[in-house]
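Going by our numbering, the sequence shown opens with residue 1, and the numbers climb by one from there.
See below for the structure under consideration.
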Amino acid sequence: MAHIVVLGGGLGGTIQAYELKESLSKNDTVTLISNKPYFQFTPSNPWAGVGWRKKDDIIVDLDPVMKRRGIGFICDGCVGLDPEANQLTLESGRTVDYDYLVIATGPDLAFDEIEGFGPDAHTSSVCHVEHAEISGDNWEDFCADPGPIVIGAVQGASCFGPAYEYLMTIETDLRRRKIRHKVPMTFVSSEPYVGHLGLGGVGDTKGMLESILRDRDINWVINAKTDKFTEDAVHITEFTEDGEEKAKHEIPAKYKMFLPAFRGIPALMGIEGLVNPRGFVITDEYQRNPKYPNIFGIGVCIAIAPPVATPVPTGVPKTGFMIESMVTATAHNIPRILAGGEPNEKPTWNALCLADFGDRGAAFLAMPQIPPRNVNWSGQGKWVHWAKLAFEWYFIRKVKKGVSEPWYEKTIMKMMKVNKLEG
């Protein structure tokens, strides 16, 4: 009998609990620990940021679905981890022992690293559903008295897609409200070029996204380090391709949303051998920590080094399908270890992404996500918008039903030759 604890109830952690319940023996127990009582479908947050979704539209209460699946659920935040004692300490003071631990916490948002940054200061956010819902309320106030908008991603950011999605979605909303002509818009990013996405681009994302920005009359500044945010402006330093300071800009902004840099949660910080200096979990090719082999890491919380250095620091995104491949590998490897074997399943880290722009969108397929790739494709059109809507409905339904990957999803992915595990 083994007790496997999954820490974090987001996209990775929730699906991980489901898959482990299926792959482990009936004598093993699975417990999910989350600091929130619900799962939130994070890809819908840009829609919530303009009021197109409410919180209740994109969350699923975890306790009832976990009970139906025979999975233990503890709603409590983690404040400490003792990997030598195999024990977690929770905010309530409760301790939880484990035989195997899967860390799927997601990141801590580093708003404090830049002056005036964050929803408690001068910028909006779509990182959490709570932030996005507040942004949606603020959006209505802005539209009643519009002005300049600046959207972007700061130095060290790794998740660039939602910045592009939110930028295009609010531009679409402004056109629908017939007030787009009153709103100058600027995109600011630490990326070395538009469409880099922390991945060195995928297909022709550079040309495609630059064309979309021009078509929508959106200015951009890249290789930008954000210095501070004030009530009515964004202060940045622009760098050359060689990393030399090029110019300083003070861009007027009545409405601002920037994606922050990520770091590991405080409970993991400073645990030597488990995390890097930034607090991200160190894993091997099987998603297992080398120092503590009974600890696995999946999702945004793991350490992935950027494939190449950029003039302004950028991180590597951990996208949805990529995370699901980590989940599946871990769900296969833990039972194999419990049976006395060694882990043998490696995730593909393939990326299949849909970025909705409110009326159309862009999609890309990178196999694997980190170059060099076997498949490197991008495309755009109205079909992406409808595909994202369908995906939202489908994924939330999966979570509500307690299912990780129905047979028809496996069949479709097999037909597309998009695999979660290396063959």
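Beta carbons: idealized from backbone N, C-alpha and C, even for Gly.
In the structure shown, Gly-299 falls within a helical segment according to DSSP collapsed to helix, strand and coil.
Ranked by how close their Cα comes to the Cα of Asn-294, the residues Lys-401, Asp-99 and Leu-268 have Asp-99 in first place. In summary, Lys-26 is exposed, with fewer than 16 beta-carbon neighbours lying within 10 Å of its beta-carbon over all protein chains present. Distance check between Lys-178 and each of Val-316, Ala-153, Cys-143 and Asn-344 places Cys-143 closest, using alpha-carbon atoms only. For Asn-350, the closest of Ala-363, Tyr-193, Lys-420 and Ala-224 by C-alpha to C-alpha distance is Lys-420. Using a Cβ distance threshold of 8 Å, Glu-245 and His-235 do not count as a contacting pair. Rounded to the nearest angstrom, the Cβ distance from Asp-359 to Thr-172 is 5 Å, consistent with a contact under 8 Å. Contact between Val-96 and Ile-74 holds: CB atoms are separated by about 7 Å, below the 8 Å threshold. Sequence-distant Cβ neighbours of Pro-46 in its own chain, meaning closer than 8 Å and more than five residues away, are Val-126, Ala-132, Pro-162, Glu-165, Tyr-166, Thr-169 and Asp-356.
The closest CA to that of His-181, considering only Thr-205, Asp-145, Pro-192 and Arg-69, is found on Asp-145. Nearest to Met-326 by C-alpha distance, out of Val-312, Gly-118, Gly-315 and Pro-343, is Pro-343. Distances from the alpha-carbon of Val-129 to those of Ala-309, Asp-137, Ile-302 and Gln-40 put Gln-40 closest. The count of Cβ pairs closer than 8 Å, one atom from the segment 113 to 124 and one from the segment 270 to 278, stays below three, leaving the stretches out of contact.
Per DSSP, reduced to three states, the secondary structure at Ser-404 is coil, with no helix or strand assignment. In the displayed model, Lys-398 falls within a helix according to three-state DSSP.
Less than 8 Å separates the beta-carbon of Thr-330 from that of Gln-16. Between the segment 308 to 318 and the segment 197 to 212, the count of Cβ pairs shorter than 8 Å is three or higher; the stretches touch. For Thr-348, the closest C-alpha among the options Ile-337, Ile-370 and Gly-147 is that of Ile-370. Using a 10 angstroms sphere on the CB of Pro-252, the tally of other CB atoms stays under 16, which defines it as exposed.
Per DSSP, Gln-40 is one residue of the beta strand (DSSP E) stretching across 38 to 40.
Counting only unbroken stretches of 3 or more residues, the beta strand (DSSP E) elements lying wholly within the segment 231 to 289 are 233 to 239, 245 to 252 and 255 to 259, in sequence order.
Each of Asp-141, Ser-34, Leu-268 and Pro-290 was checked against the Cα of Tyr-255, and the nearest Cα belongs to Asp-141. Secondary structure at Asn-333: helix, using DSSP grouped into helix, strand and coil. Three or more beta-carbon pairs separated by less than 8 Å link the segment 262 to 272 to the segment 104 to 113, which places the two stretches in contact. Collapsing the DSSP output to three states places Val-60 in a strand. Rounded to the nearest angstrom, the gap between the Cα atoms of Ser-44 and Glu-19 is 23 Å. Cβ atoms of Ser-378 and Val-202 come within 8 Å of each other, at about 5 Å.
When DSSP states are grouped into helix, strand and coil, Ile-412 belongs to the helix group. Boundaries for Gly-152: no alpha helix (DSSP H) harbours it, while the beta strand (DSSP E) harbouring it runs 149 to 153, taken from the DSSP string. Per the DSSP secondary-structure output, Tyr-100 pairs in a beta bridge with Ile-4.
Pro-306 sits in coil when the DSSP states are folded into three classes, being neither helix nor strand. Between Val-79 and Leu-90, the gap from beta carbon to beta carbon is short of 8 Å. The Cβ-Cβ distance between Val-30 and Leu-88 does not fall below 8 Å. Taking the Cβ atoms as the reference, Gly-273 lies roughly 7 Å from Tyr-292, within the contact range of under 8 Å.
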